[in-house]
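**Student:**
Numbering (this note's numbering), first residue to last: 44 to 404.
In structure tokens form, the structure reads like this:
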């Protein structure tokens with residue numbers, strides 16, 4: 044989802060992951076560094092930013108690197124930012140043939156085969172060659188097998204940096220051939236610093252809401268920052284469940300039909316909210332800091348109206364609806380209406396459905 048904020052390849056620093064950087068530098072200094080690295084962890088916590096910092100350090104200083112900080116004015120930084128460095132190859136999901144404005148759901152095999160070709164040639168500029176595979180979990184079977192061949196017989200002085208939001212989806216044989224650095228959600232202090240840098244005008248109440256929604260992911264926070272008012276409208280609809288106001292529901296549907304970014308935000312937030320509902324019903328209080336002021340009341344109402352296993356089904360089915368909509372270009376408005384219909388039907392079918400209270404303030 045495009046945010047208008049700095050992208051990983053143009054970001055100078057990285058907050059909250061000093062230990063991961065130190066681990067990489069120590070491995071580099073040892074002279075026995077693994078050629079493959081898996082940067083794992085939640086989306087938006089800085090994995091791709093770390094990959095580009097690692098790449099710039101290798102391209103600028105090789106084994107002599109003692110820091111991942113490369114000045115913006117350094118020729119290596121400039122060329123990496125401009126995607127013109129001859130010793131760096133970035134592999135990512137490409138544009139869809141049917142709709143070039145959107146990205147494919149998978150990394151195709153041709154893109155990964157280019158890695159082998161890139162590494163089989165002499166270094167264009169001497170020194171290290173670096174490959175970054177972003178969202179590596181989106182490789183299809185053919186792509187993954189092509190990458191595995193490279194990992195099995197890597198040439199000297201090359202680094203393959205795999206960035207993954209869901210490392211469990213990678214082939215076990217790939218995971219066994221790389222060293223894993225797992226990045227955790229950013230601590231509150233780092234999030235506050237990044238909010239001050241990127242969202243200086245955000246009022247304290249909205250900042251608190253956004254911090255809860257982000258759960259330590261600055262990428263998620265920036266992507267959702269433009270949709271806080273829309274999310275409040277969604278919560279207002281959920282407070283009215285199961286008798287969703289028809290006009291408000293269709294107004295939301297029309298909005299997502301017109302704005303792909305809003306649809307993307309809701310395809311993230313609604314399954315996330317339902318997952319937290321299910322965890323709450325199972326006694327997990329880990330999401331307490333992310334709750335809206337009256338979210339406990341909404342969850343209590345939902346869990347009294349239908350048993351936990353039904354809400355787990357709703358969560359799974361909601362995720363499936365959004366994934367199919369993205370993959371098959373299904374009608375965005377109808378997808379959102381279907382999600383609310385699913386929620387409303389679950390509430391109305393339960394023992395408390397007929398007399399469910401309206402929780403709107």
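Using N, Cα and C, we set each Cβ at its ideal position, and we do this for glycine too.
This one's a predicted model, so the numbers in the text were calculated from it and none came from an experiment.
(1) Which residues in the same chain as residue 264 place their Cβ atom closer than 6 Å to its Cβ, once the five residues preceding and following it in sequence are excluded?
(2) Between the alpha carbons of residue 365 and residue 243, how many angstroms are there, rounded?
(3) On the three-pair Cβ rule with 8 Å, is the region 52 to 66 touching the region 224 to 237?
(4) Below 8 Å on the Cβ atoms is my guess for residue 99 versus residue 120; work out the distance and round it to an integer in Å.
(5) Please tell me whether residue 154 and residue 180 are closer than 8 Å, where the distance is taken between their beta carbons.
(6) Which residues bound the alpha helix (DSSP H) around residue 99?
(7) Pull up the CB-CB distance for residue 175 and residue 94, whole angstroms please, since I reckon it's below 8 Å.
(8) Would you say the region 149 to 168 touches the region 187 to 202, given that touching needs at least three Cβ pairs under 8 Å?
(9) Please return the same chain residues whose Cβ sits closer than 7 Å to the Cβ of residue 396, not counting the five positions on each side in sequence.
(10) Buried or exposed for residue 182, going by 16 or more other Cβ atoms inside 10 Å?
(11) For residue 268 and residue 157, what's the separation of their Cα atoms in angstroms?
(12) In three-state DSSP terms, what is residue 207?
(13) When burial is assigned at 16 or more other CB atoms within 10 Å of the CB, is residue 266 buried or exposed?
(14) Could you tell me if residue 368 is buried or exposed, where buried requires 16 or more neighbouring beta carbons within 10 angstroms of its beta carbon?
(15) The beta strand (DSSP E) with residue 225 in it runs from where to where?
(16) Compare the C-alpha of residue 134 against each of 278, 122, 152, 215 and name the closest.
(17) Which value, in whole angstroms, describes the spacing of the CA atoms of residue 127 and residue 373?
(18) Please identify the residue among 221, 218, 259 whose C-alpha is closest to the C-alpha of residue 232.
(19) In chain order, which continuous runs of the alpha helix (DSSP H) of length 4 or greater are located wholly inside the region 287 to 367?
(20) Alpha carbon to alpha carbon, what distance is there between residue 214 and residue 185?
(21) Is residue 448 near residue 342, with beta carbons less than 8 Å apart?
**Tutor:** So, from the listed chains and residues:
(1) By the criterion of a C-beta distance shorter than 6 Å, residue 264 is surrounded in its chain by 253, 257, once the five residues flanking it on both sides are discounted.
(2) For residue 365 and residue 243, the distance between alpha carbons rounds to 32 Å.
(3) At 8 Å Cβ cutoff, the stretches touch.
(4) Cβ atoms of residue 99 and residue 120 come within 8 Å of each other, at about 6 Å.
(5) The Cβ atoms of residue 154 and residue 180 do not sit closer than 8 Å to each other.
(6) Looking at the DSSP string, the run of the alpha helix (DSSP H) that includes residue 99 is 90 to 104.
(7) Going by Cβ atoms, the distance from residue 175 to residue 94 rounds to 5 Å, so yes, they are a contact pair.
(8) The answer is yes - the region 187 to 202 touches the region 149 to 168, with three or more Cβ pairs under 8 Å.
(9) Residue confidence for residue 396 is low, a pLDDT of 49 falling below 50, so the modelled location carries little weight; the figure read from the coordinates is stated next. 285, 348, 390, listed in sequence order.
(10) Counting of Cβ neighbours within 10 angstroms places residue 182 among the buried residues, the total reaching 16 or more.
(11) Going by the C-alpha atoms only, they are around 36 Å apart.
(12) It is a strand residue.
(13) By the Cβ neighbour-count rule, residue 266 is buried, with 16 or more other Cβ atoms within 10 Å of its own.
(14) By the Cβ-count criterion, residue 368 is buried, with 16 or more other Cβ atoms from all chains shown falling within 10 Å of its own Cβ.
(15) Membership of residue 225 in the beta strand (DSSP E) is indicated by the continuous run 222 to 225.
(16) Comparing Cα-Cα distances from residue 134 to each of 278, 122, 152, 215, the minimum goes to 152.
(17) Using only the alpha carbons, I get a separation of about 37 Å.
(18) It is 259 whose Cα lies nearest to the Cα of residue 232.
(19) Segments of the alpha helix (DSSP H) lying fully in the region 287 to 367: 289 to 301, 303 to 324, 338 to 348.
(20) When rounded, the distance between both Cα atoms is 11 Å.
(21) For the chain, the structure presents residues 44 to 404; residue 448 sits outside this window and is missing.
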